[in-house]
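A.B. asks: Just passing along the structure, written as structure tokens.
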Amino acid sequence: AQSVTQLGSHVSVSEGALVLLRCNYSSSVPPYLFWYVQYPNQGLQLLLKYTSAATLVKGINGFEAEFKKSETSFHLTKPSAHMSDAAEYFCAVSDGGTASKLTFGTGTRLQVTL
Amino acid sequence: DTGVSQDPRHKITKRGQNVTFRCDPISEHNRLYWYRQTLGQGPEFLTYFQNEAQLEKSRLLSDRFSAERPKGSFSTLEIQRTEQGDSAMYLCASSPISGNTIYFGEGSWLTVV
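So the protein sequences, as listed, match chains L and P. Each residue of the first sequence is one higher than the one before, counting from 1 in our numbering. Each residue of the second sequence is one higher than the one before, counting from 1001 in our numbering.
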């Protein structure tokens, strides 16, 4: 069975500050890991994905994440927050291979203040 | 590539009524998924199809729920005898068999009053 834990249901940062959203996973097989973003009343948009290639993954909107097997982590970062980054962020895991069902974390709501 | 399309986007229904949601996946995507998301939670897997075959169903999918994908293209999710606990956003997603990314639609909000 696979699972994802997102530490911190709410994170608040100032505009221009570093964004760090935490995700730890549990998987019995080499995982594929994903970060999705959800704006209010909308579906999910893929930010980035790890699929066993480079451990540092760059995504859209300046986000990146690093896969650390020893720590079973896949934390999402962005050097400088922008007001438009305010949204809900979900980490998800699948069991690899071709696209298969995702198991999501409970999400982290990012607030960006002036 | 027009993305995953869902209809209706919002539905308010009285308890006990039946509702049906439609999903049109990205063209040529063989796999189609349904997820449910309640307020403050991440999406939860309900079921998925490969072409017209329904390959897996979650235990969350009670016998009041039925999903179909008759021609391997669009899919419908029907909820019979709706209950207030069914209020949620129902997300559809699709992917190619050979790919490793699942693409989501905008979701269909259901409110049962």
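Beta carbons are placed, not taken as given, at the ideal position from N, Cα and C, and that holds for glycine.
1) Taking the alpha carbon of Leu76 of chain L as the reference point, which residue from L:Ala87, L:Cys91, L:Ala1 and L:Met83 has its own alpha carbon closest?
2) Check whether chain P comes within 7 Å of Lys58 of chain L, counting only Cβ atoms and requiring the distance to be less than that.
3) Drop a sphere of 10 angstroms on the beta-carbon of Gly107 of chain L, count the other beta-carbons inside from all chains shown, and report buried for 16 or more, exposed for fewer.
4) Please report how far the alpha carbon of Pro1070 of chain P lies from the alpha carbon of Asp1024 of chain P, in whole angstroms.
5) Could you work out which residue in L:Thr55, L:Lys101, L:Trp35 and L:Lys69 is closest to Gln6 of chain L when comparing CA atoms only?
6) Measuring CB to CB, does Arg1081 of chain P end up less than 7 Å from Gly1003 of chain P?
7) Can you say whether Arg999 of chain P is buried or exposed, counting buried as having 16 or more other CB atoms within 10 angstroms of its CB?
8) Apart from the five residues just before and just after Lys1011 of chain P, which ones in its own chain have a Cβ nearer than 8 Å to its Cβ?
9) Give the residues of chain L in contact with Tyr1090 of chain P, contact being defined as C-beta atoms less than 9 Å apart.
10) Return the CA-CA distance between Asp1007 of chain P and Ser70 of chain L, expressed in angstroms with no decimal places.
11) Suppose you measure from the CA of Ser80 of chain L to the CA of Val13 of chain L; what does that come to, to the nearest Å?
12) Work out the CA separation of Thr1047 of chain P and Phe1065 of chain P for me, nearest whole Å.
13) For Ser1087 of chain P, which of P:Ala1067, P:Ser1073 and P:Gln1041 has the nearest alpha-carbon?
14) So what's Asn24 of chain L in DSSP terms, helix, strand or just coil?
15) Excluding the 5 residues flanking Gly16 of chain L on each side, which residues of the same chain have their C-beta closer than 6 Å to its C-beta?
16) So, does the CB of Pro1000 of chain P fall closer than 7 Å to a CB anywhere in chain L?
17) Name, please, each residue of chain L whose Cβ falls closer than 8 Å to the Cβ of Pro1045 of chain P.
18) Excluding the five sequence neighbours on either side, which residues of its own chain have a C-beta within less than 6 Å of the C-beta of Lys1057 of chain P, listed in chain order?
19) Specify the secondary structure class of Gln6 of chain L as computed by DSSP and reduced to three states.
20) Between Phe74 of chain L and chain P, is there a C-beta pair that is closer than 7 Å?
21) Would you kindly check if the distance between the Cβ of Gly59 of chain L and the Cβ of Leu44 of chain L is under 7 Å?
22) Rounded to the nearest angstrom, how far is the Cβ of Leu102 of chain L from that of Leu21 of chain L, given a contact under 8 Å?
23) Closer than 8 Å by C-beta to Asn1051 of chain P: which residues in its own chain qualify, once you throw out the five before and the five after it? Chain order, please.
C.D. replies: By the coordinates alone:
1) Considering only L:Ala87, L:Cys91, L:Ala1 and L:Met83, the residue with the shortest C-alpha distance to Leu76 of chain L is L:Cys91.
2) No Cβ of chain P is located within less than 7 Å of the beta carbon of Lys58 of chain L.
3) So Gly107 of chain L counts as buried.
4) Linking Pro1070 of chain P to Asp1024 of chain P through their CA atoms gives a straight-line distance of about 12 Å.
5) Distance check between Gln6 of chain L and each of L:Thr55, L:Lys101, L:Trp35 and L:Lys69 places L:Trp35 closest, using alpha-carbon atoms only.
6) Going by C-beta atoms, Arg1081 of chain P is not nearer than 7 Å to Gly1003 of chain P.
7) With chain P covering 1001 to 1113 only, the question about residue 999 of chain P has no answer from this structure.
8) Around Lys1011 of chain P: Val1019, Phe1021, Ser1108, Trp1109, Leu1110 and Thr1111.
9) Simply none; closest approach about 11 Å.
10) The straight-line gap from Cα to Cα measures roughly 43 Å.
11) Rounded to whole angstroms, the separation of the alpha carbons of Val13 of chain L and Ser80 of chain L is 10 Å.
12) Those two C-alpha atoms are separated by around 10 Å.
13) The shortest C-alpha separation from Ser1087 of chain P is found at P:Gln1041.
14) Taken through DSSP and simplified to helix, strand or coil, Asn24 of chain L comes out as strand.
15) When the five nearest sequence neighbours on each side are left out, the beta carbons in the same chain lying within less than 6 Å of the beta carbon of Gly16 of chain L are those of Ser80, in order along the chain.
16) Since the first and last residues shown for chain P are 1001 and 1113, residue 1000 of chain P lies out of range.
17) Note on residue identity: the sequence assigns Phe, not Pro, to residue 1045 of chain P. Lys101, Leu102 and Thr103, listed in chain order.
18) When the five nearest sequence neighbours on each side are left out, the beta carbons in the same chain lying within less than 6 Å of the beta carbon of Lys1057 of chain P are those of Thr1047, in order along the chain.
19) If DSSP states are grouped into helix, strand and coil, Gln6 of chain L belongs with the strands.
20) Closer than 7 Å: no.
21) Leu44 of chain L places its beta carbon 7 Å or farther from that of Gly59 of chain L.
22) Their Cβ separation, rounded to whole angstroms, is 17 Å, which puts Leu102 of chain L and Leu21 of chain L out of contact at 8 Å.
23) Excluding sequence neighbours, Asn1051 of chain P sits near Asn1030, Arg1069 and Gly1072.
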